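K.L.:
Residue numbers in the sequence shown follow our numbering, run continuously in steps of one, and reach 629 at the last position.
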Amino acid sequence: MPGYRRFKAAIFALLAVNAAAFVLFGRPTEAVDSIAWFTLLVLFELETAQPQRLRGKRVAVLVHAGRLVAGVAVAIAAAGFFYEREWLDAINAALWIAVVVVLEIEVRFLDTVGRHRRVFAAVLGALYSGIAALALAWAWRGEWFDAYDAALWLVAFVAIEINVLQIARGPEPA
Numbered sequence: 456m457p458g459y460r461r462f463k464a465a466i467f468a469l470l471a472v473n474a475a476a477f478v479l480f481g482r483p484t485e486a487v488d489s490i491a492w493f494t495l496l497v498l499f500e501l502e503t504a505q506p507q508r509l510r511g512k513r514v515a516v517l518v519h520a521g522r523l524v525a526g527v528a529v530a531i532a533a534a535g536f537f538y539e540r541e542w543l544d545a546i547n548a549a550l551w552i553a554v555v556v557v558l559e560i561e562v563r564f565l566d567t568v569g570r571h572r573r574v575f576a577a578v579l580g581a582l583y584s585g586i587a588a589l590a591l592a593w594a595w596r597g598e599w600f601d602a603y604d605a606a607l608w609l610v611a612f613v614a615i616e617i618n619v620l621q622i623a624r625g626p627e628p629a
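1) To the nearest angstrom, report how far apart residue 469 and residue 567 are at their CA atoms.
2) Measure how close the beta-carbons of residue 554 and residue 467 come, nearest whole angstrom, since I'm counting them as under 8 angstroms.
3) Buried or exposed for residue 615, please, with buried defined as at least 16 other CB atoms from any protein chain shown within 10 angstroms of its CB.
4) How do the segment 531–541 and the segment 483–503 stand: do at least 3 beta-carbon pairs fall below 8 angstroms, yes or no?
5) Output the boundary residues of the alpha helix (DSSP H) element that contains residue 537.
6) Just curious, the alpha helix (DSSP H) that residue 598 is in, first and last residue?
7) Quick one, are the C-beta atoms of residue 502 and residue 527 less than 8 angstroms apart?
8) Can you tell me whether residue 511 is buried or exposed? The criterion is at least 16 other CB atoms within 10 Å of its CB, across all chains shown.
9) Is it a yes or a no for the segment 580–596 touching the segment 533–553, going by three-plus beta-carbon pairs under 8 angstroms?
10) Are the beta-carbon atoms belonging to residue 491 and residue 525 less than 8 angstroms from one another?
11) With distance defined between alpha-carbon atoms, name the residue in 572, 603, 573 and 558 nearest to residue 499.
12) Can you check whether the CB of residue 593 is closer than 8 angstroms to the CB of residue 605?
13) Rounded to whole angstroms, what is the Cα-Cα separation between residue 480 and residue 600?
14) Mapping DSSP to helix, strand and coil, what is residue 482?
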């Protein structure tokens with residue numbers, strides 16, 4: 456699927472530009488949040504799209520350490536949004552954390568998820584719908600960059616979800 460790979464590369468490039476914009480023009484909490492989430496996304500993409508690259512113990516340790524550091528940064532940024540009373544950002548952070556928890560469960564417990572696929576799909580649908588509603592709220596408030604950023608993240612996680620579904624199905628026959 457070369458077209459799909461190019462599509463994902465374009466999404467990742469746009470998210471990198473967004474992260475740079477938050478670093479340059481956003482609040483410190485937004486900068487930490489954006490960089491941490493981008494790091495988690497890249498690492499999750501490696502883990503779900505290129506699992507063969509993570510076979511070495513050293514690489515796996517580095518990936519897990521990177522995820523731990525990025526996860527702590529996400530939690531700090533989420534707490535910062537609550538402290539700053541940036542409620543849309545705080546709710547957005549909470550919803551995304553919940554999405555990642557569900558995706559982690561999907562990747563690590565394939566048999567359980569397979570038996571309860573509809574439940575997991577419904578939970579993710581509700582979480583993604585909540586995030587889409589936040590994107591609309593930002594647009595309604597005239598906060599176009601935040602609305603665009605939220606929509607772009609939704610597209611990125613749909614791409615990750617496609618990877619997760621491919622893992623659940625197993626390798627394609629040759």
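Note that the Cβ used here is the ideal one computed from N, Cα and C, for glycine as well. Just so it is clear, the structure is predicted and the values come from calculations on it, not from any experiment.
P.N.:
The short version:
1) Here residue 469 is taken as the residue at index 14 of the sequence shown, counted from 1. Here residue 567 is taken as the residue at index 112 of the sequence shown, counted from 1. Going by the C-alpha atoms only, they are around 35 angstroms apart.
2) Reading the sequence shown from its first residue, position 99 is the one you call residue 554. Reading the sequence shown from its first residue, position 12 is the one you call residue 467. No, residue 554 and residue 467 are not in contact; Cβ-Cβ is about 18 angstroms, not under 8 angstroms.
3) What you label residue 615 is simply residue 160 of the sequence shown in a count that begins at 1. Buried, by the Cβ-count rule.
4) yes
5) By 1-based counting over the sequence shown, the position of residue 537 is 82. It spans 512–538 - the alpha helix (DSSP H) in which residue 537 sits, taken as one unbroken run.
6) By one-based count along the sequence shown, residue 598 stands at place 143. Per DSSP, residue 598 belongs to no alpha helix (DSSP H) and is neither H nor E.
7) One-based indexing of the sequence shown puts residue 502 at position 47. One-based indexing of the sequence shown puts residue 527 at position 72. In this structure, residue 527 does not lie closer than 8 angstroms to residue 502 by Cβ.
8) Stepping through the sequence shown from its first residue, residue 511 is reached at position 56. By the neighbour-count rule (16 or more Cβ atoms within 10 Å), residue 511 is not buried but exposed.
9) yes
10) Numbered from its first residue, the sequence shown carries residue 491 at position 36. Numbered from its first residue, the sequence shown carries residue 525 at position 70. Cβ distance < 8 angstroms, so residue 491 and residue 525 count as in contact.
11) In the sequence shown, counting from the first residue as 1, residue 499 sits at position 44. For the residues 572, 603, 573 and 558, the minimum Cα distance to residue 499 belongs to 558.
12) On the sequence shown, position 150 is the one that residue 605 refers to. On the sequence shown, position 138 is the one that residue 593 refers to. Yes, the pair counts as a contact, with Cβ atoms nearer than the cut-off.
13) Here residue 480 refers to the residue found at position 25 of the sequence shown. Here residue 600 refers to the residue found at position 145 of the sequence shown. One C-alpha to the other measures close to 11 angstroms.
14) Position 27 of the sequence shown, counted from the start, is the residue given in the question as residue 482. Correct three-state label for residue 482: coil.
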